[in-house]
Structures are given as structure tokens and as C-alpha cells.
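Chemist:
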Amino acid sequence: MPPIFSFILGVDEEPTDFRGYCKGNDYLYERLAMALIERGVMPDADGREPWFLCYSHSEEDIAETLTAFEEAVRFVKRQT
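Here is the structure:
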């Protein structure tokens with residue numbers, strides 16, 4: 001995984017322009033972001049902003065974050 005990445009929820013194809021980006025599900029991103037915050041992960045509230053990994057993140061930090069992400073996704077899926 002690259003040290004910087006982003007994703008858009010609710011689209012079948014990678015957007016190539018702003019109109020394509022606008023087809024994403026912002027509400028779903030907001031719900032996921034809130035579920036992550038409740039689990040100690042601090043994503044940017046703006047879904048257009050990239051996410052970062054850095055050398056100061058240990059393997060344990062990454063594992064904890066991935067676990068929180070999996071839990072948050074399961075939680076949001078149950079709510080929809």
C-alpha cells in the first residue's frame with residue numbers, strides 16, 4: 001500500500017473527473033468516519049482528503065487501525 005491513499009464509496013468505477021467524484025456516497029463516508037472516530041481512528045471529515053501512513057506507525061498501530069476499520073465497516077453495514 002502506498003503511504004498516501006484515498007477511496008470513494010458507492011461507485012463502480014474509478015472517477016476520472018469531479019462529476020465522477022460527485023457520484024460517491026458522501027453520507028456513507030461520513031457514517032464510516034464517525035464509526036472510526038468512535039474507535040480511536042481520526043480520519044479527515046472531508047472524504048476528498050487523502051489518508052496517510054508514515055514511518056512512525058508501528059506494525060501494531062497499523063494492525064489496531066485495520067481492526068478498527070473492519071469493526072467500523074461491519075457496524076455501518078448493519079445500520080444500512
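Everything in the sequence shown is counted per the working numbering, starting at 1 for the first residue and increasing by one. The beta carbon of each residue, even a glycine, is placed where N, CA and C say it ideally should be.
(1) Give me the Cβ distance between Ala35 and Ala72, rounded to the nearest whole Å; I'm assuming they're in contact under 8 Å.
(2) Starting from Met34 and walking both ways along the alpha helix (DSSP H), at which residues does that stretch end?
(3) For Ile4, list the residues DSSP reports as bridge partners.
(4) Could you check if Gly40 is buried or exposed, using at least 16 other CB atoms within 10 Å of its CB as the buried criterion?
(5) Quick check on the burial criterion: 16 or more other C-beta atoms within 10 angstroms. Buried or exposed for Leu66?
Modeler: Taking the coordinates as given:
(1) 4 Å
(2) 26–38
(3) Phe52
(4) exposed
(5) Result: exposed.
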